[in-house]
Structures are given as structure tokens and as C-alpha cells.
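Presented below is the structure to which this report refers.
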Amino acid sequence: MKEDGVVKEIPSKSGSFSDWYTAVVLKAELADYAPVRGCMVIRPYGYALWENMQARLDKRIKDTGHVNAYFPTLIPESFLTKEAEHVKGFSPQVAWVTQGGDEKLTERLALRPTSEAIINTMYAKWVKSYRDLPVLINQWCNIFRWEKATRLFLRTLEFLWQEGHTLHRTREEAKAETLRILDLYVDFVENDLAVPVLAGAKPESEKFPGAVDTYSIEALMPDGQALQAGTSHLLGQHFAEAFDIRYLDEDNTEKRPWGTSWGVTWRLMGALIMTHGDDKGMFMPPRVAPFQAVIVPILFGKNDDAVLAKCRETKAQLAGYRVQLDDRATQTAGWKYNEYEMRGVPVRIEIGPKDVAKEQCVLVPRDGSGKRFVPLAELPGELGKLLDSVQAGMLERARAFVRSRTSDAATLDEFKQELEAKPGYVRVHWCRAQECENALVDATRTTPRNMPATDQGKPGKCIVCGKPTDTVIYYARTY
RNA sequence: CGGGGAGUAGCGCAGCCCGGUUAGCGCACCACGCUUGGGACGUGGGGGCCGCUGGUUCAAAUCCAGUCUCCCCGACCA
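Counting from 14, one number per residue, gives the positions in the first sequence under our numbering.
As C-alpha cells, this is what we get:
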């Protein structure tokens, strides 16, 4: 008996990363291509992952005082154009509805590329007094953006996301909200998805259209390219002005509230797949895995009933976990091992006649750390411990990768050398001048990612112009 | 959007250059037998608008044109 079994149809992850990614998504039945260009179907196994992610993020959002609502998909053009920067940023990507039934519409309707316009229109109706603030609303919905180049989960014409839109009395309060959500995203993505992220403020050039400040979380993929995994924006009073939102404050004067918006998309599933998958296929982090464990009975044709009975009993015993029992007689045990590894189930539980006799089972974690024999009486506790250690190991491994792909550079030459040697993040000092950023972008074909708070304040010199500065920013090639 | 590649059974592919029996192989599927602690084996069988549309031809998976979709490398972009 040997540890083996790479699914043949999946190319190696190190050899052809893009092909590997596509194959894993399709073979693990997470998603499939739809008949419309750039659109995809999330299949039940992928959707189960999304639902688990949603549930855990939704809880965090509600625990911080937010409530869910739903706003319409269709947005009148005149609403979308109210905020100048906003419309400029999105117009190339907007899909339009121009006809209803047989009649041409007098005003075309956008399929929402984001919901600031429609939501702030409603907020203008709802907010009259400081007593109405803060407004803390989130919605889960679909979004349309007419992308030129699409990839499963990473960039599609239609995608699912969550978008929070809040209004506050003061700038400080709105700023605190923006950062609270940024922290919330870090907590969710790192602890539940086991994907380490770089959280920080975006430079001017990378800000959301219409925002005062944009913060992002960035994840580093195995090919050394950064993937923006979530954003949190301080909108200032831009949208309050554009949509004429006013409230009467305690001092009896009319004021404009301060807004924020923030979102993460199913792109996180792409980040998760790329970060954790390997040559065998998918690897689901236990906290969000559709199945945390799969029970595979070892059948020989004799005593099968006893083995299957024990498997069912074991599944019942593990009611606190998401467990699948694969009792199909049509597939061999070995076939199932490969299948569930390809699908990324974190732990396999084998039960055969020998195990039944000894009142034990065999636990085999997906991380390759080897099998262990566990008395059935201790299984629920042991499985929990094993799942925790698998989850922790996934985050640690991913963190080690990011560390190994993060470089510092003081000169342009150093930047290029480091990027070549260790494709990933390059951390540099920057004077905040747009010309210097442009020069660096042109010279390296990377883009600025963000400026983590913990890196700031250390004196240095701008990598381009040499001017003294204490601003530190990360660069990378990106998706 | 530019350059390159691909689309033939559920999956992976061959056939195409050089048009011509009934379009082929592996896996999967069905039946029977034999098996079963890491994708078993044997025998027999079922399954095809050759991406789509049009053209050339006596004859098109094969040649020509158009079109759709996917992949890769760029450009653009939250």
C-alpha cells in the first residue's frame, strides 16, 4: 500500500499553472463554463463551498452590527452618472438593458456594476436626522462587469459578492468602519480560508472610482502574482453630495453623512483553490469544506454488512461534522481515495473489517502527513483535533510561501533582480509622487498593491527619485 | 482588443497536411464472470448533429469563408 495516485487529467501545478487551475475547477466540479462568453455556473460542490464561506462571513458582518437588505439589479443611467468619478471608472464595463418586451426604454438601465448609486438614492430618502445614523446595510447579490478577458472565479462577466454600504455622522466614525471591515476581512480570509493576506491602503492610482481612501487585502498566488481579494472604501461625502443625502444634526444644522462601502466576491474561491491545491487537485480548508471528512468503507464481499453498519454508525457519531459516507459498491476503495483527494476533502476515514474487529478507524489527512489509527470511541474528538491541525497547517504553509516571495528593494536594479529571483511582492520606499509610481510601473510591469500600516514610518529613500520618505508600499504583478 | 493554439462519444485524444469503405483508440458506461486496505482483470455490448453556418466538389471531420466558445502570451481594467 503506497501513497500515490495523481489524477491523470490534471496537469502539474508547477509545470503549467494556468492549465492546472482550470483543470482543478472543472474536474473537482466546482464550476463549469456557461454558454455565454465569460459566464460560469457554480456547480453544487462549489456552491456548497460558497455557502459555507457566506455563512461565516455573514456572521461576522452581523456580529459587527450590520443588517442585510436587497436592492435591485437594474439601475437607471441617470443615477449611475450622478457621481462623476464613479461613472468614469465604471462606464467601460457596464452592461445595458435598452428594451423591455417589444418597447424601447426611454432611459437605459444598467445591470449593476456595483450598487453605490441605487443604495445612496434610497439612503437620501431614509436619512433625515442624526438619530437615523449610522446606517449599516449589507447585501449579497450578483454583479455584472463587461470584462474583456475572463477566467473562472477570478474574472467573470457576472459574479456573486457581498457589498456593505454604510453612512456615519463623522469622518472619524466612517474611517473606523472602513478599517474595522478591513480587519474583519483579514480575520475571515486568513482564519477560515487559510489564505494569508496583505492589508493596507491603496495609492491614489488604485483607488475605487469615487472613494477618498481605498484599502485592500491582497493574496499572493503560487505563480507570484497578487490577487486583490477584497476592498474597503472610505467614500467621504462624495456620494452624499451626489445623491443629496442630508441630516439634521444635534446642533440643528444640516450636514452630510460620511459613507463607506466594502466587498468581497467569489474570487476568494479562486484564491483558495490556487493557494491550497496541488498536483492531486483541490484542497479544502476544513472550516469551509463542503465535506470535512469522507468515510470510505473497505469492502471484500464478506462481512460487508458489518463494515457498512459500522460506517453508518460512525457517520451518526460524527453528526457535529460535515461528513460524507461513500458506500457505493460500484467503485473500489482506491478509486475513491483518489477521487476525494482530487475534490479536496480534508480528511478521509477508512473503515474495513480489521478496523471493525479492533473498534478503530484509519484517518488520512489530505495534507499528506500520513495515516493514523484512532479508536472509534475517541473519533469525534480526534477528528476535531485533526481538522484544526490541518487548517492551521494550511495557513502556515501559505504564510511561509508569502514570506519566501517577499523582497525588499532600494534601487530599480535590485527591484528587477528580486522580482526575477523570487516572483512575488517587492517592498519599496516611495515618495508618493505619481511620476515616481509611473516610472516604476513602466520599468517593472508590476503595479502598486498597498501600504500596510505596520510597514509605515520607517525612514528611507524613494526607490525612484531618492527623496527621503517613510512611506512603504508593496508592488507585484497582478491578476 | 492584438498575436498564437484548440473544439471529433461523458472525459482524454488520434484521424485533417494529401477529400473517397461502416470515423478510431484509452478511460468511463451496460451485461456476465472474476476481484476488492491506493484509480483491478477478462469476454461481450451501447453511445457520434466531427462547435455552428454557409461555400467548393460526384463526394467534406478533412479544402475555403464566416461565426461562437475555451486556453496561452500581451494590451486594457476593480
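Backbone N, C-alpha and C define an ideal beta-carbon position, used for all residues, glycine too.
Would you mind stating whether I131 and F172 have Cβ atoms separated by less than 7 Å? Here the question's residue 131 lines up with position 118 in the first sequence. Here the question's residue 172 lines up with position 159 in the first sequence. No, the Cβ-Cβ distance between I131 and F172 is not below 7 Å.
Determine the DSSP secondary structure at I311, reduced to helix, strand or coil. The sequence position of residue 311 within the first sequence is 298, counting from 1. Here I311 sits in coil by DSSP.
My assumption, with CB atoms under 8 Å, is that Y58 sits in contact with R356. Please give the rounded CB distance. Taking the first sequence and counting its residues from 1, the one referred to as residue 58 is at position 45. Taking the first sequence and counting its residues from 1, the one referred to as residue 356 is at position 343. At roughly 7 Å, the Cβ-Cβ gap stays under 8 Å, so Y58 and R356 are in contact.
Nearest-angstrom Cα separation, counted from L192 out to C52: On the first sequence, position 39 is the one that residue 52 refers to. On the first sequence, position 179 is the one that residue 192 refers to. Cα to Cα, C52 sits roughly 33 Å from L192.
Who are W109's beta bridge partners in DSSP? Locating residue 109 in the first sequence gives position 96, counting from the first residue. Its beta-bridge partners are A123.
With DSSP as the reference, label C449 as helix, strand or coil. Here residue 449 corresponds to residue number 436 of the first sequence, with the count starting at 1. Correct three-state label for C449: helix.
Distance between A214 and P481 (C-alpha atoms, nearest Å): Residue mapping note: residue 481 aligns to position 468 of the first sequence, counting from 1. Residue mapping note: residue 214 aligns to position 201 of the first sequence, counting from 1. If I take the Cα positions, the gap works out to 20 Å.
Residues that K117 bridges to, as DSSP identifies them: Numbered from its first residue, the first sequence carries residue 117 at position 104. Q112.
Inter-residue Cα distance where the pair is L408 and N204: For the purposes of this step, residue 408 is taken as residue 395 along the first sequence, with counting starting at 1. For the purposes of this step, residue 204 is taken as residue 191 along the first sequence, with counting starting at 1. Answer to the nearest angstrom: the Cα atoms are 8 Å apart.
Sorted by chain position, which residues of the same chain lie with C-beta nearer than 6 Å to D468's C-beta, five sequence neighbours on each side aside? By one-based count along the first sequence, residue 468 stands at place 455. These residues qualify, in order along the chain: V485.
Excluding five sequence neighbours on each side, which residues of the same chain lie with their C-beta closer than 7 Å to the C-beta of T183? Taking the first residue of the first sequence as position 1, residue 183 is located at position 170. Excluding positions up to five away in sequence, the list reads W271.
So, at 7 Å on beta carbons, what are the nonlocal neighbours of Q373 in its own chain, with the 5 sequence-adjacent residues on each side left out? Translated into positions along the first sequence, residue 373 becomes position 360. So the qualifying residues of the chain are F386, V387, P388 and L389.
F201, buried or exposed, once every other Cβ within 10 Å from all chains shown has been counted against 16: The residue you call residue 201 lines up with position 188 of the first sequence. By the 10 Å Cβ count, F201 comes out buried.
Give the secondary structure of Y438 by DSSP, where H, G and I count as helix, E and B as strand, and everything else as coil. What you label residue 438 is simply residue 425 of the first sequence in a count that begins at 1. Y438: strand per DSSP, three-state reduction.
Mapping the DSSP letters down to three states, classify M464 as helix, strand or coil. Taking the first residue of the first sequence as position 1, residue 464 is located at position 451. Of the three classes helix, strand and coil, the one that applies to M464 here is strand, per DSSP.
What residue range does the alpha helix (DSSP H) around F201 cover? One-based indexing of the first sequence puts residue 201 at position 188. Its alpha helix (DSSP H) spans residues R184 to N204.
Selection from Q152, D145, W174 and P147 that minimises the alpha carbon distance to R158: On the first sequence, residue 158 is found 145 positions in, with the first residue counted as 1. Cα-wise, what sits closest to R158 is W174.
Chain-order list of residues whose beta-carbon lies under 8 Å from that of A36 (same chain, five-residue window excluded): For the purposes of this step, residue 36 is identified with residue 23 of the first sequence, where counting begins at 1. Taken in chain order, the residues that qualify are E22, I23 and P24.
Counterpart residues of H246 in DSSP-defined beta bridges: The residue labelled residue 246 in the question sits at position 233 within the first sequence. DSSP, once it has assigned bridges, lists T227 and S274 as partnering H246.
Just to confirm the assignment, what range does the alpha helix (DSSP H) spanning C324 have? Within the first sequence, numbered from 1, the residue matching residue 324 stands at position 311. Unbroken alpha helix (DSSP H) run through C324: D317 to Q330.
Candidates L331, L338, K293 and P303, of which the one nearest P310 by Cα: Within the first sequence, the letter at position 297 stands for residue 310. Selected option, being the one with the closest Cα: L338.
Are the beta-carbon atoms belonging to K26 and D292 less than 7 Å from one another? Position 13 of the first sequence holds residue 26. Position 279 of the first sequence holds residue 292. Yes, the pair counts as a contact, with Cβ atoms nearer than the cut-off.
Top-ranked residue by Cα proximity to D76, from I150, I55 and R269: Within the first sequence, residue 76 is the residue found at index 63, counting from 1. Per the Cα distances, I150.
So what's G294 in DSSP terms, helix, strand or just coil? What you label residue 294 is simply residue 281 of the first sequence in a count that begins at 1. If DSSP states are grouped into helix, strand and coil, G294 belongs with the strands.
Taking all protein chains shown into account, do 16 or more other C-beta atoms lie within 10 angstroms of the C-beta of I476, making it buried, or fewer, making it exposed? Position 463 of the first sequence, counted from the start, is the residue given in the question as residue 476. Buried: at least 16 other Cβ atoms inside 10 Å.
Can you give the Cα-Cα distance for K95 and Y228, rounded to whole angstroms? Numbered from its first residue, the first sequence carries residue 95 at position 82. Numbered from its first residue, the first sequence carries residue 228 at position 215. If I take the Cα positions, the gap works out to 24 Å.
Return the Cβ separation of L285 and P299 in integer angstroms, given the expectation that the two are a contact with Cβ distance under 8 Å. Taking the first residue of the first sequence as position 1, residue 285 is located at position 272. Taking the first residue of the first sequence as position 1, residue 299 is located at position 286. At roughly 12 Å, the Cβ-Cβ gap does not stay under 8 Å, so L285 and P299 are not in contact.
Alpha carbon to alpha carbon, how far is T86 from Q112? Give it in angstroms, no decimals. Counted from its first residue, the first sequence places residue 112 at position 99. Counted from its first residue, the first sequence places residue 86 at position 73. Distance between the alpha carbons of Q112 and T86: 15 Å.
Nearest to D426 by alpha carbon, out of T419, V439, K101 and F414? Counting from one through the first sequence, the residue named residue 426 turns up at place 413. When only C-alpha atoms are compared, the closest one is V439.
Please classify E16: does DSSP put it in a helix, a strand, or coil? Position 3 of the first sequence, counted from the start, is the residue given in the question as residue 16. Because E16 carries a pLDDT of 38, less than 50, the predicted location of this residue cannot be relied on, and the following value inherits that uncertainty. Coil, per DSSP.
Three-state class that DSSP yields for F103 in the structure shown: Indexing the first sequence from 1 puts residue 103 at position 90. The answer is helix: DSSP assigns F103 an H, G or I state.
Boundaries of the alpha helix (DSSP H) in which V477 is found, first to last residue: As a working note, residue 477 is residue 464 in the first sequence. First-last for V477: undefined, no H or E at that position.
Which runs of the alpha helix (DSSP H) at least 4 residues long sit entirely within the stretch 397-437? Give them in chain order. 425-434
Among R410, V358, G276 and T119, which has the Cα closest to the Cα of L400? For the purposes of this step, residue 400 is identified with residue 387 of the first sequence, where counting begins at 1. Cα-wise, what sits closest to L400 is V358.
Locate the beta strand (DSSP E) running through W174, then write down its first and last residues. Stepping through the first sequence from its first residue, residue 174 is reached at position 161. From DSSP, the beta strand (DSSP E) with W174 extends over E171 to H181.
I'd like the span of the alpha helix (DSSP H) that includes F92, first residue to last. On the first sequence, position 79 is the one that residue 92 refers to. It spans E90 to L93 - the alpha helix (DSSP H) in which F92 sits, taken as one unbroken run.
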